[in-house]
Amino acid sequence: MEIKANKLWPEDYELFASMEGHYTSENEKTFFEKVRYKMEFELAPSNDLLLSEIDNEEQIYLVRVDYDEFIVGHGTVGHYDEECHVMNLSEALNTNLKERGYLDRDITLLEWLHERDYQGIKYNHNYAYM
């Protein structure tokens with residue numbers, strides 16, 4: 311039986327195409343390849359924690375919902391800021407962390423992840439499979 315891939319948003323097809331062959335590190339390549347696979351073939355009805363706020367000093371988190379929706383958030387136990395729920399990866403990565411009130415500097419999630427070379431990203435936290 312052939313498994314049919316989830317159809318990605320046009321913005322995400324463009325994002326993946328623009329990144330392919332232009333990765334600045336192995337970690338960046340791994341991020342885009344694994345997240346694309348997850349978005350196409352791995353449903354996350356109970357969420358997929360890609361980055362936990364406890365795994366970085368700036369308390370940013372990234373959660374995948376279902377196939378290709380994402381939640382970008384900030385905070386720690388007892389104090390969480392309002393989350394940003396978006397419909398695709400492109401929107402998540404273009405989230406300006408200063409405009410959301412998460413950081414004091416003007417930086418998108420993509421720039422922030424790139425700056426830290428995707429440190430803290432996890433690919434095995436889909437709660438549907440744990």
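Taken in order, the sequence shown gives residues 311 to 440; the numbers are from my numbering. Beta carbons are placed, not taken as given, at the ideal position from N, Cα and C, and that holds for glycine.
Boundaries of the beta strand (DSSP E) in which residue i is found, first to last residue
i: Leu360; result: 354–361
i: Tyr323; result: Here Tyr323 belongs to no beta strand (DSSP E); instead the alpha helix (DSSP H) covers 320–329.
i: His435; result: Per DSSP, His435 belongs to no beta strand (DSSP E) and is neither H nor E.
The alpha helix (DSSP H) enclosing residue i, as first and last residue numbers
i: Thr340; result: 336–351
Pick from the options that is closest to residue i, judged by C-alpha positions
i: Ile364; options: Phe341, Tyr390, Asn357, Arg374; result: Tyr390
i: Phe326; options: Asn436, Tyr437, Ser400, Ala438; result: Ser400
i: Met349; options: Asn398, Ala438, Gln369; result: Asn398
i: Pro355; options: Tyr428, Ala315, Lys314, Val373; result: Val373
i: Leu359; options: Val387, Glu336, Gly383, Glu368; result: Gly383
i: Glu392; options: Arg346, Tyr371, Met329; result: Tyr371
Residue i versus residue j: straight-line alpha-carbon distance, rounded
i: Lys279; j: Asp416; result: In the structure as shown, the chain starts at 311 and stops at 440, and residue 279 therefore has no counterpart that could be examined.
i: Leu318; j: Leu361; result: 21 Å
i: Glu425; j: Glu343; result: 18 Å
i: Thr405; j: Asp376; result: 19 Å
i: Arg410; j: Tyr323; result: 25 Å
i: Ser352; j: Gly331; result: Strictly speaking, residue 352 in this sequence is Glu, with Ser absent from that position. Going from the Cα of Glu352 to the Cα of Gly331 covers about 24 Å.
i: Tyr428; j: Leu420; result: 9 Å
Close-in-space but distant-in-sequence residues of the same chain around residue i (CB under 6 Å, 5 per side omitted)
i: Lys339; result: Tyr333
Neighbourhood of residue i by C-beta distance below 8 Å, restricted to the same chain and skipping five residues each side
i: Tyr437; result: Ala354, Ser356, Asn357, Asp358, Leu359
Own chain residues within Cβ distance below 7 Å of residue i, not counting five before or after
i: Tyr433; result: Lys344
| query | Which runs of the alpha helix (DSSP H) spanning at least 4 residues fall entirely within the stretch 357–428, listed in chain order? | reply | 399–403, 419–425
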